[in-house]
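Following: one structure in C-alpha cells, then a few remarks.
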Amino acid sequence: MRDDRSEALRDWYGRQARALPWRIPPGSDAMPDPYRIWLSEVMLQQTTVAAVKAYFATFTTTWPTVHDLAAADDAAVMAAWAGLGYYARARNLLKCARAVVADHDGVFPRTEADLLTLHGIGPYTAAAIAAIAFQSRAVVVDGNVERVMTRLGAIETPLPGAKPEIRALADTLTPDTRPGDHAQAVMDLGATICTPKSPACVLCPLRDHCDGRKAGIAESLPRKAPKIPKPERRGYVYVARRGAQCLLETRPAKGLLGGMLAFPTSDWSDTPIPAAPFDARWKDAGEVRHTFTHFHLTLRVLTTTQGGNPDRGEWAPLDPKALPTVFAKAWRQAFPDT
DNA sequence: CACACGTGGCA
DNA sequence: TTGCCAAGTGT
Numbered sequence: 001m002r003d004d005r006s007e008a009l010r011d012w013y014g015r016q017a018r019a020l021p022w023r024i025p026p027g028s029d030a031m032p033d034p035y036r037i038w039l040s041e042v043m044l045q046q047t048t049v050a051a052v053k054a055y056f057a058t059f060t061t062t063w064p065t066v067h068d069l070a071a072a073d074d075a076a077v078m079a080a081w082a083g084l085g086y087y088a089r090a091r092n093l094l095k096c097a098r099a100v101v102a103d104h105d106g107v108f109p110r111t112e113a114d115l116l117t118l119h120g121i122g123p124y125t126a127a128a129i130a131a132i133a134f135q136s137r138a139v140v141v142d143g144n145v146e147r148v149m150t151r152l153g154a155i156e157t158p159l160p161g162a163k164p165e166i167r168a169l170a171d172t173l174t175p176d177t178r179p180g181d182h183a184q185a186v187m188d189l190g191a192t193i194c195t196p197k198s199p200a201c202v203l204c205p206l207r208d209h210c211d212g213r214k215a216g217i218a219e220s221l222p223r224k225a226p227k228i229p230k231p232e233r234r235g236y237v238y239v240a241r242r243g244a245q246c247l248l249e250t251r252p253a254k255g256l257l258g259g260m261l262a263f264p265t266s267d268w269s270d271t272p273i274p275a276a277p278f279d280a281r282w283k284d285a286g287e288v289r290h291t292f293t294h295f296h297l298t299l300r301v302l303t304t305t306q307g308g309n310p311d312r313g314e315w316a317p318l319d320p321k322a323l324p325t326v327f328a329k330a331w332r333q334a335f336p337d338t
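Numbering (full-length UniProt numbering), first residue to last: 1 to 338.
As C-alpha cells, then:
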C-alpha cells in the first residue's frame, strides 16, 4: 500500500466501481458468497458482463447454493447455459459443484492450489476466487490485467512471451490490504478506461504513472501475433417438426457444442455429405451463417413436417431457448412463425 | 506450446 | 459486411 499507483487505483475504485450482481461494494466488510463469486468468474471467462448478467440471475435463482447445483440434472444446466457459449464451462461447472459437495463438505477450498484442482478453475479463476471471496493476496492476471500492465510498464514484448513481466508488475502492484478490491479495480479500469481501442487516458487514475502513455504507445499495447483468417465450412441441418415435437439429439459430451441439445446435421467441411436422419420430402428453407471461434459456417436448412423413424435423435418437445445459438438460428430460419 | 472452444456487440 | 474482441481452461 506504499505504492502511489495502488493507492490511486484504490481511490478511483472507491468512487467508480461498477455495481454488479455478484460484487460487494468497495471497502465493504460484507462476506462474499464463494459460490456466487465462483459462478460469476466462470461465466465471465472470455465473456462480457452484459452477456453474463441474465444467466447469473437465472442460475442463482434456480440453484441458490452449490448443493442445489450439484444435485441438478445435467440437461437442465446445459439448457440454462444455452446461448452463453463455451459449453465446456457448463460441463465443468457441474463437475466442480459435485466435487465441492462430495470432497469438500460443500465448502469451496480457500487456497489457489486447492482451487486449481477443480474442473474449470485455472490460474486466473483460482486467483480471483482466492482474492475476491477469501481476501487472500493472490496475483490476479486476466486479459484486462495484461492490457493495463503492458501499458503501465510500456512492455513491448509480444504475448504470450510477456506473461512473466506482466505477472511481476501485477505482483508489485498487489496490496496486502483488500487484494480482492484491487483485482476488481484493475479489471474495471481495463473494462471502462484502459480499453483495447481508444483508451480514455485523460480519465485514468494512473495516467501520471503510465510509461506507455508517456511513450505514446499505450493504445498499441499489448502486442500480439497477427490473427489467422478463419476457414469456411459448410453443412446441412435437418429441422423436422411433427405436431408439437421436433427431432432432437444431444451432441457428444466432448468437442464443439458438446453435451448440448441440437438438430441432426451432416458433417461440417468443405464438401459436406447430406445425411438426412430419415427418408422424407425435405424442403429447402435456405441458409444460415454462424461464426465460431475458429471457423465460419454456412448451414443449409432442410425441413419437413412429415414423421418418420430417425436413425438418430428422438422426437421431443422443443424449447428454442435450450438450443445453442447456431441451432436457434436454424430453427428460426425453418419456422419463422414460431 | 498451439490449438480447440461460442457468442453478441461494435467500429 | 467483416474483423476484433471480452474476467480462460483443457488437452
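Glycine residues also receive a C-beta, built at the ideal position from the N, C-alpha and C atoms.
Through-space distance from residue j to residue i, alpha-carbon basis
i: Q306; j: A240; result: 7 Å
i: E249; j: N144; result: 38 Å
i: D267; j: T192; result: 42 Å
i: T293; j: P324; result: 14 Å
i: residue 339; j: P21; result: This structure does not reach residue 339, given that the chain is present from 1 up to 338, and the question cannot be answered.
i: A113; j: C96; result: 15 Å
i: T177; j: W63; result: 32 Å
i: S136; j: P229; result: 41 Å
i: A128; j: F263; result: 37 Å
i: G122; j: I24; result: 23 Å
i: E7; j: M187; result: 16 Å
i: H209; j: R89; result: 37 Å
i: R233; j: T117; result: 36 Å
i: G27; j: R18; result: 13 Å
i: A168; j: P109; result: 26 Å
i: C194; j: A162; result: 18 Å
i: I166; j: Y13; result: 21 Å
i: Y86; j: Q333; result: 23 Å
i: L328; j: A72; result: Note that residue 328 is Ala in the sequence shown, not Leu. Computed Cα separation, rounded: 24 Å.
i: S220; j: K197; result: 8 Å
Endpoints, beta strand (DSSP E) assigned at residue i
i: L297; result: 296-304
i: L247; result: 245-250
i: Y236; result: 232-242
Nearest residue (CA-CA) to residue i, options the options
i: P277; options: D181, T298, R312; result: R312
i: A275; options: R213, L302, K227; result: L302
i: A205; options: Q245, A185, G243; result: What sits at residue 205 in the sequence shown is Pro, not Ala. The residue with the shortest Cα to Cα distance from P205 is A185.
i: A70; options: D105, V49, G85; result: D105
i: D181; options: D208, V139, V100; result: V139
i: R251; options: A75, P199, P317; result: A75
i: A54; options: T65, Q45, S40; result: S40
i: P160; options: V141, M78, F56; result: V141
i: P179; options: T61, I273, A131; result: A131
i: R281; options: F295, H296, T304; result: T304
i: Q45; options: D73, Y124, P272, R147; result: Y124
i: D4; options: L318, P310, L173; result: L173
i: E314; options: Y238, I273, P196; result: Y238
i: residue 373; options: K283, A285, P231, M260; result: Nothing in the structure corresponds to residue 373, since the chain is present only between 1 and 338.
i: Q245; options: L221, T195, D284, T338; result: T338
i: L299; options: D319, W331, A316; result: W331
i: R2; options: R207, P175, L247; result: P175
i: residue 355; options: D29, C201, R223; result: The shown model of the chain, from 1 to 338, leaves out residue 355, and the question about it has no answer.
Which of helix, strand or coil DSSP assigns to residue i
i: G190; result: helix
i: residue 346; result: There is no way to answer for residue 346, as the model of the chain reaches only from 1 to 338.
i: G286; result: strand
i: A102; result: helix
i: L261; result: strand
i: T125; result: helix
Expected contact under 8 Å - CB spacing of residue i and residue j to nearest Å
i: A51; j: K321; result: Not a contact, Cβ separation roughly 15 Å.
i: G255; j: R91; result: About 11 Å separates the two Cβ atoms, so there is no contact after all.
i: G308; j: T265; result: So it is not a contact: roughly 17 Å between Cβ atoms.
i: T47; j: L84; result: 7 Å
i: A133; j: P32; result: 5 Å
i: L152; j: G212; result: 7 Å
i: A99; j: H119; result: 7 Å
i: P199; j: A218; result: 6 Å
i: L189; j: L9; result: 7 Å
i: M260; j: M43; result: At roughly 16 Å, the Cβ-Cβ gap does not stay under 8 Å, so M260 and M43 are not in contact.
Limits of the alpha helix (DSSP H) - the one that residue i falls within
i: K254; result: K254 -> no alpha helix (DSSP H), and no H or E assigned at all.
i: W315; result: Looking at the DSSP string, W315 is not in any alpha helix (DSSP H); the run it does join, the beta strand (DSSP E), is 314-317.
i: G143; result: 143-152
i: M43; result: 34-43
i: T265; result: Neither: T265 is in no alpha helix (DSSP H) and is coded neither H nor E.
i: A168; result: 163-173
i: Y55; result: 49-62
i: M78; result: 74-81
i: V140; result: Unbroken run through V140: none, as it is neither H nor E.
i: E112; result: 112-116
i: E7; result: 4-16
i: H67; result: 66-70
i: R213; result: 211-214
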